[in-house]
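Numbering (this note's numbering), first residue to last: 74 to 396. All residues carry an ideal CB built from backbone N, CA and C; glycine is no exception. Predicted, not measured: the structure shown is a model, and the values here were computed from it. Heads up: the structure comes next, in structure tokens.
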């Protein structure tokens with residue numbers, strides 16, 4: 074069942090919310106990379122016990138700015154949800170996508186609050202912090218994915234059908250799962266780079282193989298291995314989906330995945346060689362978000378209720394109602 078496209082204003086607003094969300098995400102990474110997470114102490118939502126900090130340090134300004142922008146993007150997510158509910162008929166997929174986007178925005182704030190209140194900031198090198206960073210990354214990806222779907226459905230796209238998708242459904246599900254695992258490993262690797270910086274590439278490699286190295290250093294070696302393997306799977310899987318769901322939207326998403334992942338791998342190598350400078354960490358994270366968004370679009374196009382199927386795969390299940 075097709076639904077009417079949203080107004081141009083709603084489409085522009087949803088795109089703006091996603092763009093601003095990405096800015097807030099990058100600023101959050103800047104907070105972590107600069108060790109400014111304790112800029113407001115272990116107070117939340119206030120900063121060092123004050124609503125507006127007096128005579129703040131640079132770290133406090135960095136953290137406080139992140140909190141202000143996070144509050145603003147929460148308001149935007151709420152506005153997007155209300156507009157989606159009021160501006161679209163019951164059953165329009167934009168409504169459910171906006172609801173999920175608001176849900177993950179709320180959980181994003183709660184995870185961030187937990188990290189502060191549990192003091193998983195600054196020089197804390199505990200395993201608990203690594204676990205929370207992983208949860209934070211997964212929630213961030215789910216938030217960005219939901220906002221991407223808001224934009225997708227606002228353009229009048231058909232809703233998703235999850236049943237009876239066979240091999241394409243499995244490939245796309247594994248692609249999403251693989252990127253989540255890769256993202257978690259990247260968050261842990263970035264944390265290790267921040268807490269245990271190296272002065273030379275050789276020193277960093279020695280740290281990676283040292284038996285006495287901290288667990289965060291030992292774990293960061295997994296990230297480049299996962300990056301290569303997951304990247305290869307993504308390229309193969311997207312091309313396979315293109316053959317089984319031969320639509321222009323699927324083809325464009327698959328091409329974007331291939332190009333973006335190649336750029337992302339290059340950025341990863343650059344990040345390693347340059348010893349993970351803050352600006353390169355932000356570029357690396359932004360590219361990871363772009364790759365994730367491209368895979369979400371591939372899934373939305375490939376699992377669409379009106380997605381074409383190859384003749385050999387056509388079955389009675391393909392005429393079922395979308396889920």
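Residue i: beta carbon under 7 angstroms from a heavy atom of the ligand NAP?
i           : result
residue 288 : Absence of the ligand NAP is noted for the structure shown, with no ligands found whatsoever.
In its own chain, which residues sit with a C-beta less than 6 angstroms from the C-beta of residue i, not counting the 5 before and 5 after it?
i           : result
residue 169 : none
residue 60  : Residue 60 is absent from the model: the chain starts at 74 and stops at 396.
residue 91  : 220
residue 248 : 307, 310 and 368
residue 383 : 317
residue 194 : 110 and 111
With DSSP collapsed to three states, give me the class of residue i.
i           : result
residue 233 : strand
residue 394 : Annotation note: pLDDT 43 at residue 394 (below 50); position unreliable, coordinate value reported separately. Coil, per DSSP.
residue 181 : helix
residue 276 : helix
residue 227 : helix
residue 120 : strand
residue 204 : helix
residue 377 : strand
residue 297 : helix
residue 140 : helix
residue 212 : helix
residue 92  : helix
residue 125 : coil
residue 291 : helix
Does the beta carbon of residue i sit closer than 8 angstroms to a beta carbon anywhere in chain C?
i           : result
residue 371 : Here chain C cannot be found, since the structure has a single protein chain.
Which term fits residue i, buried or exposed, when burial requires 16 or more other beta carbons within 10 angstroms of its beta carbon?
i           : result
residue 266 : buried
residue 118 : exposed
residue 394 : Here residue 394 scores only 43 on pLDDT, less than 50, and its place in the model should not be relied on; the value that follows carries that caveat. Classification of residue 394: exposed, given that the 10 Å Cβ count is below 16.
residue 341 : buried
residue 136 : buried
residue 250 : exposed
residue 290 : buried
residue 305 : exposed
residue 261 : buried
residue 300 : buried
residue 141 : exposed
residue 89  : exposed
residue 275 : exposed
residue 189 : buried
residue 233 : buried
residue 396 : Confidence is the limiting factor: at residue 396 the pLDDT is only 41, short of 50, which leaves the residue's position unreliable, though a coordinate-based value still follows. Under this definition residue 396 is an exposed residue.
residue 215 : buried
residue 202 : buried
residue 293 : buried
Only counting the same chain, and skipping five residues up and downstream in sequence, which positions put a Cβ closer than 7 angstroms to that of residue i?
i           : result
residue 213 : 98 and 181
residue 392 : Annotation note: pLDDT 40 at residue 392 (below 50); position unreliable, coordinate value reported separately. Result list for residue 392: empty, nothing under 7 angstroms.
residue 245 : 314, 371, 372, 375 and 376
residue 122 : 116
Once you ignore the five residues that flank residue i on each side, which residues in its own chain have a CB closer than 8 angstroms to its CB?
i           : result
residue 390 : Unreliable positioning characterises residue 390 in this predicted model, as indicated by a pLDDT of 43, which lies under 50. A coordinate reading is not provided.
residue 159 : none
residue 366 : 217, 218 and 221
residue 95  : 217, 359 and 362
residue 132 : 107, 108, 109, 111 and 112
residue 388 : The pLDDT assigned to residue 388 is 44, lower than 50, so where the model puts this residue is not dependable; a value taken from the coordinates is nonetheless given after this. If we look at residue 388 and ignore the five residues flanking it on each side, its Cβ neighbours are 237.
Out of the options, which one is the CA nearest neighbour of residue i?
i           : options               : result
residue 349 : 375, 309, 259 and 197 : 259
residue 72  : 287, 125, 251 and 319 : Examination of residue 72 is not possible in this model, given that the chain is present from 74 through 396 alone.
residue 347 : 277, 253, 189 and 154 : 277
residue 60  : 283, 292, 302 and 371 : An answer regarding residue 60 cannot be provided, because it is not within the stretch 74 to 396 covered by the chain.
residue 381 : 177, 275, 315 and 102 : 315
residue 230 : 154, 311, 176 and 166 : 166
residue 84  : 206, 156 and 144      : 156
residue 252 : 141, 330, 78 and 343  : 330
residue 325 : 337, 336, 312 and 335 : 312
residue 295 : 256, 317 and 206      : 256
residue 375 : 134, 177, 263 and 239 : 239
residue 333 : 76, 178, 356 and 321  : 356
residue 114 : 241, 82, 187 and 339  : 187
residue 152 : 322, 178, 279 and 286 : 178
residue 323 : 379, 292, 279 and 344 : 379
Would you say the stretch 226 to 234 touches the stretch 267 to 282, given that touching needs at least three Cβ pairs under 8 angstroms?
-> no
Inter-stretch contact (C-beta, 8 angstroms, three-pair minimum) for the stretch 102 to 116 and the stretch 148 to 162 | no
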